[in-house]
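K.L.:
Supplied in structure tokens, the structure appears directly below.
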Amino acid sequence: MKQTLLALGCLMIAGNAAAMSPGGLSAGEYMARASDCVACHTAEGGQPMAGGKKFSTPVGDIYATNITPDKTAGIGNYSYEDFEKAVRQGIAKDGHALYPAMPYPSYARMTDKDIHDLYDYFMNEVPPSAEKNKDNDIPWLLSARWPLHIWNWLYVDEVQPANKATVNNALLSRGAYLVEGPGHCGACHTPRGVTMQEKGYDASSDVYLSGAMIDGWYAPSLRNISKSPEELKDLLRKGQSQHDALSGPMSEVVTQSTQYMTDGDLDAISYYLLNFSHAPAGAVSANGAISYSPKDGKTLYSMYCSTCHGDDGKGKDFTVPSLVNNSIVTAKDPASLLSVINDGAQTPQTQGNISFKMPAYKQVMTEEEKNNVVNYVRGAWGERAGE
Numbered sequence: 137m138k139q140t141l142l143a144l145g146c147l148m149i150a151g152n153a154a155a156m157s158p159g160g161l162s163a164g165e166y167m168a169r170a171s172d173c174v175a176c177h178t179a180e181g182g183q184p185m186a187g188g189k190k191f192s193t194p195v196g197d198i199y200a201t202n203i204t205p206d207k208t209a210g211i212g213n214y215s216y217e218d219f220e221k222a223v224r225q226g227i228a229k230d231g232h233a234l235y236p237a238m239p240y241p242s243y244a245r246m247t248d249k250d251i252h253d254l255y256d257y258f259m260n261e262v263p264p265s266a267e268k269n270k271d272n273d274i275p276w277l278l279s280a281r282w283p284l285h286i287w288n289w290l291y292v293d294e295v296q297p298a299n300k301a302t303v304n305n306a307l308l309s310r311g312a313y314l315v316e317g318p319g320h321c322g323a324c325h326t327p328r329g330v331t332m333q334e335k336g337y338d339a340s341s342d343v344y345l346s347g348a349m350i351d352g353w354y355a356p357s358l359r360n361i362s363k364s365p366e367e368l369k370d371l372l373r374k375g376q377s378q379h380d381a382l383s384g385p386m387s388e389v390v391t392q393s394t395q396y397m398t399d400g401d402l403d404a405i406s407y408y409l410l411n412f413s414h415a416p417a418g419a420v421s422a423n424g425a426i427s428y429s430p431k432d433g434k435t436l437y438s439m440y441c442s443t444c445h446g447d448d449g450k451g452k453d454f455t456v457p458s459l460v461n462n463s464i465v466t467a468k469d470p471a472s473l474l475s476v477i478n479d480g481a482q483t484p485q486t487q488g489n490i491s492f493k494m495p496a497y498k499q500v501m502t503e504e505e506k507n508n509v510v511n512y513v514r515g516a517w518g519e520r521a522g523e
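Under my numbering, the first residue of the sequence shown carries the number 137, and numbering increases by one thereafter.
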């Protein structure tokens with residue numbers, strides 16, 4: 137739905153991404169990683185980019201499409217113009233509108249060069265797959281595509297093929313481009329309106345990146361982050377830092393996308409998130425949002441959680457995340473913390489980094505007990521603890 141040092145030099149930031157990319161990635165593959173294409177267009181156990189991954193929406197389940205260069209099942213017959221129109225405007229080759237689960241409102245901000253590089257990558261480097269696209273599970277009355285053209289007219293800005301920097305700062309400009317464009321961070325971290333439109337696509341909106349619910353998780357606010365640039369960079373590169381770790385949907389983003397980004401680009405994202413002027417984001421109250429039993433919660437925490445996270449909630453450096461002012465703990469909505477306790481969590485799989493797993497407690501604790509643990513943790517180590 138993303139967090140993040142100053143660059144070695146602004147000239148490196150403005151240079152060719154492929155020339156800087158680790159592992160010798162082509163410019164197009166690098167941009168595909170930065171845009172997180174693999175995570176959305178690859179089903180579990182399936183061929184990369186062959187589609188089939190399910191996404192739940194308020195109107196029903198939709199399935200990611202095959203975007204390999206297969207000429208029958210994929211996009212092998214797309215010209216560059218067809219591809220560009222789909223990526224930036226959400227219009228397929230045959231003219232039907234794509235569902236905005238595809239973040240084309242953000243991709244509209246991508247440069248012509250990056251779109252060309254993407255097209256070359258998909259047509260020449262991605263192995264073709266004949267995997268057929270799945271039919272979406274949307275009721276007939278709600279499945280018409282023509283209203284999406286009206287949706288696009290209302291909510292999608294016209295194509296912006298160049299980064300329109302409003303400040304004379306190359307590092308900030310590059311960070312804004314990556315976050316607001318290919319990285320489409322707002323797709324998860326920005327609240328949505330009644331027609332599921334993002335309430336802002338850049339920092340000109342007072343709610344952009346202020347936190348939102350997605351797939352049962354609460355993507356926390358990325359405004360006023362209380363971490364150092366190095367901590368943010370560690371989280372995006374490895375999925376964990378000295379005191380924190382990522383889980384849930386963001387874990388997949390790190391595994392498939394941000395771990396492949398250059399130091400310069402991670403520096404830029406970090407600089408943007410830490411230095412752009414944001415309105416303060418609200419923190420959790422000491423008592424949380426659900427029925428509160430501090431005594432029972434503390435007892436359960438001591439039984440099930442303190443062995444790893446410690447009685448003081450500070451965890452173990454580089455292994456077990458601290459709960460003190462942790463973004464999941466301090467979020468306005470406790471959904472992510474409940475999900476971690478219920479289903480467990482695992483840090484991202486990244487190059488040269490060991491993944492750690494937290495067990496699930498859904499068969500061990502009752503709903504009331506999980507609620508009590510959540511509220512004990514939020515009351516003890518949230519930003520307003522002790523008020």
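Beta carbons: idealized from backbone N, C-alpha and C, even for Gly.
Tell me the rounded alpha-carbon separation between E180 and V330.
P.N.:
31 angstroms
K.L.:
Using DSSP with H/G/I as helix, E/B as strand and the rest coil, what is F191?
P.N.:
For F191, the three-state secondary structure derived from DSSP is strand.
K.L.:
Pick out whichever of F191, H325 and I350 has its Cα sitting closest to the Cα of D342.
P.N.:
H325
K.L.:
Does the distance from the CB of R310 to the CB of A404 come in under 7 angstroms?
P.N.:
yes
K.L.:
Determine the contact status of Y354 and A471, defining contact as a CB-CB distance below 7 angstroms.
P.N.:
yes
K.L.:
Can you name, in chain order, every residue of its own chain whose Cβ lies under 6 angstroms from the Cβ of Y243, other than the five neighbours on each side?
P.N.:
V223 and R224
K.L.:
To the nearest angstrom, how far is it from the Cα of I426 to the Cα of N507?
P.N.:
Residue confidence for I426 is low, a pLDDT of 41 falling below 50, so the modelled location carries little weight and cannot support an answer.
K.L.:
Look at A481 and S383 and say whether their C-beta atoms are less than 7 angstroms apart.
P.N.:
Between A481 and S383, the gap from beta carbon to beta carbon is short of 7 angstroms.
K.L.:
Which same chain residues, not among the five before or five after D469, have their C-beta less than 6 angstroms away from its C-beta?
P.N.:
Y354
K.L.:
Can you give me the Cβ contacts of D370 inside the same chain, cut-off strictly under 6 angstroms, excluding the 5 residues immediately before and after it?
P.N.:
S377
K.L.:
Alpha carbon to alpha carbon, what distance is there between A209 and N269?
P.N.:
7 angstroms
K.L.:
Hey, would you say the C-beta of S491 is under 6 angstroms away from at least one heavy atom of the ligand ADP?
P.N.:
The model depicted lacks the ligand ADP and carries no ligand whatsoever.
K.L.:
Measure the Cβ-Cβ separation of K450 and V460 and say whether it is below 7 angstroms.
P.N.:
yes
K.L.:
Short check: CB of G400 to CB of V390, under 7 angstroms?
P.N.:
no
K.L.:
Between which two residues does the alpha helix (DSSP H) containing M167 stretch?
P.N.:
A163 to A170
K.L.:
Spell out the partners DSSP gives E334 in its beta bridges.
P.N.:
R328
K.L.:
Would DSSP call V456 helix, strand or coil?
P.N.:
Here DSSP, grouped into helix, strand and coil, assigns V456 to strand.
K.L.:
By how many angstroms is the C-alpha of K229 removed from the C-alpha of L525?
P.N.:
Residue 525 lies beyond the residue range present for the chain, which begins at 137 and ends at 523; the question has no answer from this structure.
K.L.:
Provide the residue span of the alpha helix (DSSP H) that contains P240, from first to last.
P.N.:
Looking at the sequence itself, residue 240 is Tyr, so the reference to Pro does not match. Y240 to Y243 is the span of the alpha helix (DSSP H), which, as asked, contains Y240.
K.L.:
With a Cβ-Cβ cutoff of 7 angstroms, do A496 and D479 count as a contact?
P.N.:
yes
K.L.:
Can you tell me which of the three DSSP states I198 falls into?
P.N.:
strand
K.L.:
What do you reckon, are the CB atoms on P318 and A170 nearer than 7 angstroms?
P.N.:
Yes, these two residues count as a Cβ contact at 7 angstroms.
K.L.:
Quick one: residues in its chain with C-beta nearer than 7 angstroms to the C-beta of T455, no 5 flanking neighbours on either side, listed in chain order?
P.N.:
F492
K.L.:
For G518, tell me which candidate among Y255, S463, P484 and V500 has the shortest Cα-Cα distance.
P.N.:
It is S463.
K.L.:
Would you kindly check if the distance between the Cβ of A175 and the Cβ of Q392 is under 7 angstroms?
P.N.:
yes
K.L.:
Just to check my reading of the structure: Y216 and H177 have Cβ atoms closer than 8 angstroms, yes? What is that Cβ distance to the nearest angstrom?
P.N.:
Incorrect: roughly 19 angstroms between the Cβ atoms, too far for contact.
K.L.:
Output the boundary residues of the alpha helix (DSSP H) element that contains M386.
P.N.:
P385 to Q392
K.L.:
Using the C-alpha atoms, what's the distance from P264 back to E505?
P.N.:
49 angstroms
K.L.:
Mind pulling the alpha helix (DSSP H) runs of 4 or more residues that sit fully within the segment 212-278?
P.N.:
216-225, 240-243 and 248-260
K.L.:
Given a threshold of 16 other Cβ atoms within 10 Å of its Cβ, counted over all protein chains shown, does L290 qualify as buried or as exposed?
P.N.:
Answer is exposed; the Cβ neighbour count stays below 16.
K.L.:
Can you tell me whether E505 is helix, strand or coil according to DSSP?
P.N.:
Three-state DSSP puts E505 in a helix.
K.L.:
Would you please state the rounded distance, in angstroms, between the beta carbons of Q395 and T486? I believe it to be under 8 angstroms.
P.N.:
4 angstroms
K.L.:
Per the DSSP calculation, I286 is bridged to which residue(s)?
P.N.:
Paired residues: none, contrary to the question.
K.L.:
Under 7 angstroms between the Cβ atoms of A348 and P327?
P.N.:
yes
K.L.:
Pull up the DSSP beta-bridge partners for A481, would you.
P.N.:
M494
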